[in-house]
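In our numbering, the protein residues as written are 28 to 302.
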């Protein structure tokens, strides 16, 4: 049984939230406020079940929009709260501190038909990420990083399409569906009473199961496509400043795709920089 559990929290995938047309889930909007309150409830139900089952330590990584979403006074007092810090490598606080990671509120990747508030990292700037030729989303990125810290990804709680993507990517991960996704701003919600029971039963099941790490092999190739060519140009310069190999994606018709940057990653630090 995993005794030290990290919960990674985004917001778009929680129950009762679909956002608004042409907008992300921006802070202090009406939908954001609903999402925060719902996230606090889902997390609290999970944490109580974990401690009742014998878990000794639970951390919460609040990472939506740079962090600072949840109200600490609304959370189980036993939770260790970690706010996202863009000045530090992603998830650097977790090294040697936790045994596994669970995901709440994560969403489908950009371009997913029917995905509620689907995006990858930035709905305004980015079109997609590909790793070694395959589309990846935020849960893929964090699962790779967590594995470098020795933490397997064991549990995922989000919309039905989000759960399908997590299962496709992470072997045997335990999932709980919060809502049935219909379109970017439409879903069928579950009753919280039913959802909370599913969360409690399945997260305990997850931490009592042994999982494999989702480790990257190096070197790997990261492809990042921007909605504006100016942002792609800036990104190439940034990666080259890190002494990483980066260029535009070759294309038979265009010569080079001015929206898409390809770079080689040789270790986990370069992988994080490439995100």
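Where a beta carbon is used, it is the ideal one built from N, C-alpha and C, also for glycine.
Can you grab the Cα-Cα spacing for the pair residue 202 / residue 182, in whole Å?
Locating residue 202 in the chain shown gives position 175, counting from the first residue. Locating residue 182 in the chain shown gives position 155, counting from the first residue. Rounded to the nearest angstrom, the two C-alpha atoms are 6 Å apart.
The beta strand (DSSP E) spanning residue 33 covers which residue range?
Within the chain shown, numbered from 1, the residue matching residue 33 stands at position 6. Residues 31-36.
Give the DSSP-derived three-state secondary structure of residue 131 in the structure shown.
Numbered from 1 along the chain shown, position 104 holds the residue referred to as residue 131. Three-state result, residue 131: strand.
Distance, Cα to Cα, residue 42 vs residue 134?
For this step, residue 42 is matched to residue 15 along the chain shown. For this step, residue 134 is matched to residue 107 along the chain shown. About 11 Å.
By the 10 Å Cβ neighbour count, where 16 or more other Cβ atoms means buried, how is residue 50 classified, buried or exposed?
Taking the first residue of the chain shown as position 1, residue 50 is located at position 23. Residue 50 comes out exposed.
Where do the ends of the beta strand (DSSP E) carrying residue 214 lie?
As a position in the chain shown, residue 214 is number 187, starting the count at 1. Start and end: 213-216.
Who pairs with residue 297 in a beta bridge, going by DSSP?
Against the chain shown, residue 297 aligns to sequence position 270. In DSSP, residue 297 forms no bridge with anything.
Quick check on residue 89: does DSSP put it in helix, strand or coil?
By one-based count along the chain shown, residue 89 stands at place 62. Looking at residue 89 - three-state DSSP - the assignment turns out to be strand.
Taking residue 32 and residue 130 to be in contact with their CB atoms under 8 Å, please state how far apart those CB atoms are, rounded to whole angstroms.
Here residue 32 is taken as the residue at index 5 of the chain shown, counted from 1. Here residue 130 is taken as the residue at index 103 of the chain shown, counted from 1. 12 Å between Cβ atoms; not a contact.
Rounded to whole angstroms, what's the CA-CA distance from residue 147 to residue 177? Just pull it up for me.
For this step, residue 147 is matched to residue 120 along the chain shown. For this step, residue 177 is matched to residue 150 along the chain shown. Distance between the alpha carbons of residue 147 and residue 177: 24 Å.
So for residue 208, helix, strand or coil by DSSP?
Taking the chain shown and counting its residues from 1, the one referred to as residue 208 is at position 181. Note: residue 208 maps to strand in three-state DSSP.
On the premise that residue 111 lies in contact with residue 93, defined as a C-beta separation below 8 Å, what is that separation, rounded to the nearest angstrom?
The residue labelled residue 93 in the question sits at position 66 within the chain shown. The residue labelled residue 111 in the question sits at position 84 within the chain shown. 6 Å between Cβ atoms; contact.
In chain order, which continuous runs of the beta strand (DSSP E) of length 3 or greater are located wholly inside the stretch 128-201?
The qualifying runs are 153-158, 161-163 and 180-185.
Report back the beta-carbon spacing between residue 141 and residue 208 to the nearest angstrom; my notes put them in contact at under 8 Å.
Here the question's residue 141 lines up with position 114 in the chain shown. Here the question's residue 208 lines up with position 181 in the chain shown. Indeed they touch by this definition, with Cβ atoms about 5 Å apart.
Are the beta-carbon atoms belonging to residue 73 and residue 230 less than 7 Å from one another?
Taking the chain shown and counting its residues from 1, one reaches residue 73 at position 46. Taking the chain shown and counting its residues from 1, one reaches residue 230 at position 203. Cβ atoms of residue 73 and residue 230: closer than 7 Å.
Mind checking whether residue 154 and residue 252 have CB atoms under 7 Å apart?
Stepping through the chain shown from its first residue, residue 154 is reached at position 127. Stepping through the chain shown from its first residue, residue 252 is reached at position 225. In contact: residue 154 and residue 252 (Cβ atoms closer than 7 Å).
Given a threshold of 16 other Cβ atoms within 10 Å of its Cβ, counted over all protein chains shown, does residue 172 qualify as buried or as exposed?
Taking the first residue of the chain shown as position 1, residue 172 is located at position 145. With 16 or more Cβ atoms within 10 Å of its Cβ, residue 172 is classed as buried.
To the nearest angstrom, how far is it from the Cα of residue 71 to the Cα of residue 175?
The residue labelled residue 71 in the question sits at position 44 within the chain shown. The residue labelled residue 175 in the question sits at position 148 within the chain shown. Those two C-alpha atoms are separated by around 27 Å.
Taking the continuous beta strand (DSSP E) assigned at residue 71, which residues delimit it?
As a position in the chain shown, residue 71 is number 44, starting the count at 1. Element bounds for residue 71: not the beta strand (DSSP E) but the alpha helix (DSSP H), 57-79.
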